[in-house]
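J.: Right, I'll just put the structure down here and ask away after.
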Amino acid sequence: MIEINSKQLCEFCFNKVNDGNECGCGFSANPSDCLQVGAILNGRYLVGRCIRENRITKEYLCFDSQTDSTVIVKEFFPKVFVTRVGTENVTLLRDSHLDSYNTSMQKFIELMQIPQRLTNSDCFINVIGAFYENSTAYFVMENHSLMSVEDYVRAYGRMSDKVVAASLDAAIKGLSAMSEASVYNGNIKAGNTFITNDRIVFDGFEPNEDDFASLTGETMMFNRTSYYMSASDFGKRGRDISSDIFSTGAVMYTMLTARFPSSPFECEAQFDISALESSTSDTELLRIIKKMCRINCEGYKSVSELSADASGLFKKHGLYGASVPHPSAKKISDNRLKIIIAVCALIVIIATVAVLAITKGHSNDSQSEIAESITIYTEEKL
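Quick note on numbering: our numbering labels position 235 of the sequence shown as 232, and the sequence is numbered without any gaps.
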């Protein structure tokens, strides 16, 4: 239990405790390689429990002392490059990983700027700030209690045709915004797609592990994240929005069947077609999901093609244009957005200098070359 602004709060979830100073949330200490409960970030964010983590990032529930509110802070923590032992700073596993770590952090920052720029869509997690600390990058996101598609189907089973159709309607709006901005997510999967009453919300703006293959010198890296990719997209450089269309279709497959895709290298065996066909009587919805997943047919090459094809489905369900903005999807002003994007870009410069402190024996010439290259990258983005 902690006291903040005269309120008695749980130190893990920041909900009010009962008269016995207990919360009942059942959470305990964070794992050893996470930031520990009670740590302070950026002079204002009190760290609570780690709510999600994968091999690329960690997400913490934090209390913002300046706004007196709870937020989510995402930490860049690629386990292939770094670790944390008895300290808040990340530590490189090998000195030789420095350049690769900087490169991957650039990619992370670039991807996390995408939902900040696309303020005309409510299909993305709302990113409200960024900073550099502990030799890594952090992004602050609006708190939400949404359940991921993966967690939902594990707990409750498949979703109805109506919910999937409404989610597809919302997803197309988000994909359209990305297509118009000439960007792609590249990491859409059931674990970072969240479900609301009226739509799905994408997170996943972070590198995939296969993006690190060229940086680590390994042939390919593979885990369950990649199951939402097609075989042709896996390890492919220059992926585009058609890759996100496939991944979104794979999420829709999970929503309809409560099953998860198999390895993309199993080709058509990646999806259980009989389970998909028996999961719905809506032949139009089934046809669209199959084409999104490239099952026995060529996939959609553009969002406009998908949108046009799905118009009849939406009309039938009375959905087209009917998605209602969720209270957690508030817009940020243009001026605030510009400030956030500028801060994110500056993180790259700061990170370049600061991250060098976690490595010993790196030459001054090498440090200068890295700083110069990232400065050029930042100027181009601004």
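Beta carbons: idealized from backbone N, C-alpha and C, even for Gly.
I need the DSSP call for Phe60, collapsed to helix, strand or coil.
T.: Against the sequence shown, residue 60 aligns to sequence position 63. Here Phe60 sits in strand by DSSP.
J.: Going by DSSP, what residue range makes up the alpha helix (DSSP H) through Ile53?
T.: Here residue 53 corresponds to residue number 56 of the sequence shown, with the count starting at 1. Where Ile53 is concerned, there is no enclosing alpha helix (DSSP H), given that its DSSP letter is neither H nor E.
J.: Residues bridged to Phe121 by DSSP?
T.: The residue given as residue 121 occupies position 124 in the sequence shown. Looking at the DSSP output, Phe121 bridges to Phe199.
J.: Would you give the residue range spanned by the beta strand (DSSP E) that Ile192 belongs to?
T.: Start at 1 with the first residue of the sequence shown, and residue 192 comes out as number 195. Taken as a continuous stretch (DSSP letters only), the beta strand (DSSP E) holding Ile192 covers Thr190 to Ile192.
J.: Can you pull the DSSP bridge partners for Tyr225?
T.: Within the sequence shown, the letter at position 228 stands for residue 225. Answer by DSSP bridge pairing: none, since Tyr225 is not bridged.
J.: Return the chain-ordered list of same chain residues with a C-beta closer than 6 angstroms to the C-beta of Ser386, the five sequence neighbours on each side being excluded.
T.: Past the edges of the chain, shown from -2 to 379, lies residue 386, and the structure says nothing about it.
J.: Would you kindly work out how many angstroms separate the C-alpha atoms of Tyr153 and Asp279, rounded to a whole number?
T.: In the sequence shown, the residue the question calls residue 153 occupies position 156. In the sequence shown, the residue the question calls residue 279 occupies position 282. Rounded to whole angstroms, Tyr153 to Asp279 spans 21 angstroms at the Cα level.
J.: Taking the continuous beta strand (DSSP E) assigned at Val68, which residues delimit it?
T.: Within the sequence shown, the letter at position 71 stands for residue 68. Ser66 to Phe73 is the extent of the beta strand (DSSP E) around Val68.
J.: Are the segment 287 to 294 and the segment 267 to 278 touching, with three or more C-beta to C-beta distances below 8 angstroms?
T.: yes
J.: Grouping DSSP H, G and I as helix and E and B as strand, with all else coil, what is Gln5?
T.: The residue given as residue 5 occupies position 8 in the sequence shown. When DSSP states are grouped into helix, strand and coil, Gln5 belongs to the strand group.
J.: What do you get for Gln110, buried or exposed, if any count of 16 or more other CB atoms within 10 angstroms of its CB means buried?
T.: Taking the sequence shown and counting its residues from 1, one reaches residue 110 at position 113. Looking at its Cβ environment, which holds 16 or more other Cβ atoms inside 10 Å, Gln110 is buried.
J.: Mind checking Lys71: buried by the 16 CB within 10 Å criterion, or exposed?
T.: Along the sequence shown, read from residue 1 onward, the residue named residue 71 stands at position 74. The residue is buried, with at least 16 neighbouring Cβ atoms inside 10 Å.
J.: Would you give the residue range spanned by the beta strand (DSSP E) that Ala187 belongs to?
T.: Reading the sequence shown from its first residue, position 190 is the one you call residue 187. Counting along the chain, Ala187 falls outside any beta strand (DSSP E), and DSSP gives it neither H nor E.
J.: Would you kindly check if the distance between the Cβ of Ala228 and the Cβ of Phe199 is under 8 angstroms?
T.: Residue mapping note: residue 199 aligns to position 202 of the sequence shown, counting from 1. Residue mapping note: residue 228 aligns to position 231 of the sequence shown, counting from 1. Their beta carbons are not under 8 angstroms apart, which means Phe199 does not touch Ala228 by this criterion.
J.: According to DSSP, is Ala163 part of a helix, a strand, or is it coil?
T.: Taking the first residue of the sequence shown as position 1, residue 163 is located at position 166. Ala163 falls in the helix class under three-state DSSP.
J.: Quick check on Leu95: does DSSP put it in helix, strand or coil?
T.: In the sequence shown, counting from the first residue as 1, residue 95 sits at position 98. Correct three-state label for Leu95: helix.
J.: Closer than 6 angstroms by C-beta to Asp304: which residues in its own chain qualify, once you throw out the five before and the five after it? Chain order, please.
T.: Taking the sequence shown and counting its residues from 1, the one referred to as residue 304 is at position 307. A quick correction: the sequence has Ser, not Asp, at residue 304. Counting only Cβ-Cβ distances below 6 angstroms, and skipping sequence neighbours, we find Ile169.
J.: Three or more C-beta pairs under 8 angstroms: does that hold for the segment 168 to 185 against the segment 125 to 145?
T.: no
J.: According to the neighbour-count rule (16 or more other Cβ atoms, all chains shown, within 10 Å of its Cβ), is Gly296 buried or exposed?
T.: Taking the first residue of the sequence shown as position 1, residue 296 is located at position 299. When all chains shown are included, Gly296 counts as buried.
J.: Within 10 Å of its beta-carbon, does Ala163 have 16 or more other beta-carbons around it, so buried, or fewer, so exposed?
T.: Numbered from its first residue, the sequence shown carries residue 163 at position 166. So Ala163 counts as buried.
J.: Taking its Cβ as the centre, do 16 or more other Cβ atoms sit within 10 Å of Ser157, making it buried, or is it exposed?
T.: Residue numbering aside, residue 157 sits at position 160 when the sequence shown is read from its first letter. Exposed, since its Cβ has fewer than 16 Cβ neighbours within 10 Å.
J.: Run the CB neighbour count on Met138, radius 10 Å, all protein chains shown included, and call it buried at 16 or more, exposed below.
T.: Within the sequence shown, residue 138 is the residue found at index 141, counting from 1. Here Met138 is buried. Its C-beta has 16 or more other C-beta atoms within 10 Å.
J.: Only counting the same chain, and skipping five residues up and downstream in sequence, which positions put a Cβ closer than 8 angstroms to that of Asn12?
T.: One-based indexing of the sequence shown puts residue 12 at position 15. Leu6, Cys20 and Cys22.
J.: Can you tell me whether DSSP reads Asn332 as helix, strand or coil?
T.: The residue you call residue 332 lines up with position 335 of the sequence shown. Here Asn332 scores only 49 on pLDDT, less than 50, and its place in the model should not be relied on; the value that follows carries that caveat. Of the three classes helix, strand and coil, the one that applies to Asn332 here is helix, per DSSP.
J.: For Ile37, which beta-bridge partners are listed by DSSP?
T.: Start at 1 with the first residue of the sequence shown, and residue 37 comes out as number 40. According to DSSP, Ile37 bridges with Leu43.
J.: So, helix, strand or coil for Glu19, using DSSP?
T.: Working through the sequence shown from its first residue, we reach residue 19 at position 22. If DSSP states are grouped into helix, strand and coil, Glu19 belongs with coil.
J.: For Ala266, does the count of other Cβ atoms within 10 angstroms reach 16, so buried, or fall short, so exposed?
T.: Counting from one through the sequence shown, the residue named residue 266 turns up at place 269. Ala266 should be labelled exposed.
J.: Per DSSP, what kind of secondary structure is Glu0 in: helix, strand or coil?
T.: Here residue 0 refers to the residue found at position 3 when the sequence shown is read from its first residue. Reduced to three states, the DSSP call for Glu0 is strand.
J.: Buried or exposed: which applies to Val82, given that a residue is buried once 16 or more other Cβ atoms fall within 10 Å of its Cβ?
T.: Here residue 82 refers to the residue found at position 85 when the sequence shown is read from its first residue. Exposed.
J.: Let me know the secondary structure DSSP gives Ser389 once reduced to three states.
T.: The question about residue 389 has no answer here: the residues shown for the chain are numbered -2 through 379.
J.: Could you work out which residue in Asp148, Ile197, Ala247 and Val248 is closest to Arg49 when comparing CA atoms only?
T.: Against the sequence shown, residue 49 aligns to sequence position 52. Measuring from the Cα of Arg49, the nearest candidate turns out to be Asp148.
J.: On the criterion of 16 or more Cβ atoms from any shown chain inside 10 Å, does Asn15 qualify as buried, or is it exposed?
T.: Sequence index remark: in the sequence shown, residue 15 carries index 18 (1-based). So Asn15 counts as exposed.
J.: Work out the CA separation of Val160 and Glu206 for me, nearest whole Å.
T.: Taking the first residue of the sequence shown as 1, we reach residue 206 at position 209. Taking the first residue of the sequence shown as 1, we reach residue 160 at position 163. If you take the alpha carbons of Glu206 and Val160, they lie about 31 angstroms apart.
J.: Can you give me the start and stop residues for the beta strand (DSSP E) that Glu139 sits inside?
T.: Against the sequence shown, residue 139 aligns to sequence position 142. Glu139 -> beta strand (DSSP E) spans Thr133 to Glu139.
J.: For Asn182 and Asn18, I'd like the C-alpha separation in whole angstroms.
T.: As a position in the sequence shown, residue 182 is number 185, starting the count at 1. As a position in the sequence shown, residue 18 is number 21, starting the count at 1. If you take the alpha carbons of Asn182 and Asn18, they lie about 43 angstroms apart.
J.: First and last residue of the alpha helix (DSSP H) that includes Val146?
T.: Translated into the one-based positions of the sequence shown, residue 146 becomes position 149. Where Val146 is concerned, the enclosing alpha helix (DSSP H) stretches over Val146 to Tyr153.
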